[in-house]
Structures are given as C-alpha cells and as structure tokens.
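Q: To convert, note that position 162 of the sequence shown is 184 in our numbering; the numbers rise steadily by one, no gaps. Glycine included, every Cβ here is placed at the ideal spot set by N, Cα and C.
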Amino acid sequence: MNKSSKPTIVITGASSGIGRELALEMARRGHNLGLTARRLPLLEELREEIHSTINNKLKVELAILDVCQTDTVSPALQTLFTRLGGVDSIVVNAGVNDMTDIGGGTNDLAKELNLITTNLSGAIATVAAAAEHFITRGKGHVIGISSLASLQPMTGQAAYCASKAGFSMYLKAARIELRAKGITVTSILPGYIATDIVEGVDISKMPFAIPASQAAREMADLIEKKVESGVVPAFPWKLVKPFLGHLPERFAHY
C-alpha cells in the first residue's frame, strides 16, 4: 500500500461512462485515486465532484493519457504512480466501441483498426506499465475491463469482439505469469451498460441493460474480492455466460 493508510487505485478512461462512475464508487469506499483520460477538463470536473460531495481529504491525481499512443503509456503512468506515492491497483478501462461493416471500405477499416489499437494494444501497454510498477513492489492488482462480447461474435461488431477476445486472453496469460510475482489479475466482463460508448445506439433498450452507476457498484465488489473473473450484471449473465460462443449464428446480432 502507498504511504497513506488508504488504498490507491488508478482508473484509465475515467472521464465518462463506466470509468467515471467507478471513480465515484471507489472514492465512496475510501480509495485515493489516480484518474486518466484524454480530456483533462472532464477529469478536473470529476475531481471537484469527488472533493465537494464525497471526501475532500482523498488524494485525486490526474493525468492526460491516450492509450492509442502506446509509446506514451508507460512514461505517463510511471509519473502518475510516483505522484501518488505508489499504487495498489489499476483498472484498465479505457476503451471504445463502434459499429463497423466488414468490407465497408476505408472508413470502416479505419474504425476497425482504431478499435484494435485502443482496446487491445492500448490495454496491453497499460497492463505492462502497471506490472512493471507492481513487480518492483512485489504486489499489486490489475483489473481489466473486457466484455461479454469477447465470448460471442456479433454482426457489426467484428473488430470490437476481436479486440475484447484478445484482451481477455491476454489477461488470462498475465494472471498465470504474474501470480508468482505477487500480482493478482482480475478480468471483468460487462454485458449491456447504459453509456454513450456507441454513437447512435440506445444501449438502455438492450436486454438486461443496467445504469453505469449500478455496474460500478458491482465492479467495485468484484475488485475488492479480487476475483479472477466476473460478469456485470451478475444476473442474468452469470447464468448465460456458459452458452455464449455456442449460440446459433442467427442470434448473433447487436
């Protein structure tokens, strides 16, 4: 743990959606915070909300981070870790989604490659930077936000599914490799969470969609329990999960 008596957690992609709600939830649970995103003004607004409505004594450090610029991820995070006086855990949350058509031309290809860069390459760079820090400390907790889409292919989501499937596998391998070094790895697979991550798609109308605030509470419970893997919301996806990837292809529509 860092010099403070409170645990410290870093959350990437904290300016909106799940990341923002998770930052608020972890603040309520007494964690010092390191928050990163591309948009600093939104992070500053979040820090002000935490200090004005939750606890003005919590340490909240901010950093601009674009995980697509993979060569900048480790320097930015190592600087943030130092400013925080050491970190106990990190939530690798920064990610994007987009509707794409295979064979849809250069615009769709660009969107697909951006999904892979952000959700897979950027996430791997983040895990690697955190692991480097945790190895020097002999302990730490990496939490990766993957997706149930990593298990079930869907039309219009090929690149997104592929990016999350790749990240899920990376997390599994990291769990095995880092265990002996005192590092715990948790993989969280959300279902439909009502955020604005996909432009033009009303996720709130998707089956079993829940608000981001509820998702954050369930995720925080999984993080504090240090589970190997968990789904959010637990119901009904914990029951449905064994069937994902085995559904008839006619059901694989977003």
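Looking only at its own chain, which residues have a Cβ that is under 8 Å from the Cβ of Thr58, when we skip the five neighbours before and after it?
A: So the qualifying residues of the chain are Val32, Ile33, Thr34, Gly35, Ala36, Leu65, Leu84, Ala85, Ile86, Leu87, Ala98, Leu99, Leu102 and Ala116.
Q: Where does Ala85 fall in DSSP's three states?
A: Strand at Ala85.
Q: Taking 8 Å as the cut-off, decide whether the C-beta atoms of Ala152 and Ile112 are in contact.
A: A contact, by the Cβ cut-off of 8 Å.
Q: How many Å lie between Leu266 and Ser169 at the Cα?
A: For Leu266 and Ser169, the distance between alpha carbons rounds to 12 Å.
Q: Run through DSSP, which three-state label would Tyr29 get?
A: Residue identity check: residue 29 is Pro in the sequence provided, not Tyr. In this structure, Pro29 counts as coil in the three-state DSSP scheme.
Q: Within 10 angstroms of the Cβ of Ile124, are there 16 or more other Cβ atoms? Answer buried if so, exposed if not.
A: Ile124 is exposed by the Cβ-count criterion.
Q: Could you give the residue range of the alpha helix (DSSP H) that holds Ser185?
A: Segment Ala180 to Leu200, the alpha helix (DSSP H) holding Ser185.
Q: So which of Ala195, Thr92 and Ala238 has the shortest CA-CA distance to Gly144?
A: It is Thr92 whose Cα lies nearest to the Cα of Gly144.
Q: Please list the terminal residues of the continuous beta strand (DSSP E) segment that includes Asn54.
A: Residues Asn54 to Ala59.
Q: What do you reckon, is the C-beta of Leu193 under 7 Å from a heavy atom of the ligand MN?
A: In the structure shown, the ligand MN is absent, as is every other ligand, since no ligand is present at all.
Q: Let's test the definition: count the other Cβ atoms within 10 Å of the Cβ of Trp195 and tell me whether it reaches 16, buried, or not, exposed.
A: Reading off the sequence, residue 195 comes out as Ala, not Trp. It counts as exposed.
Q: Cα-Cα, which of Arg51, Ile210, Ile146 and Ser96 is closest to Lys248?
A: Residue Ile210 is the option with its Cα nearest to Lys248.
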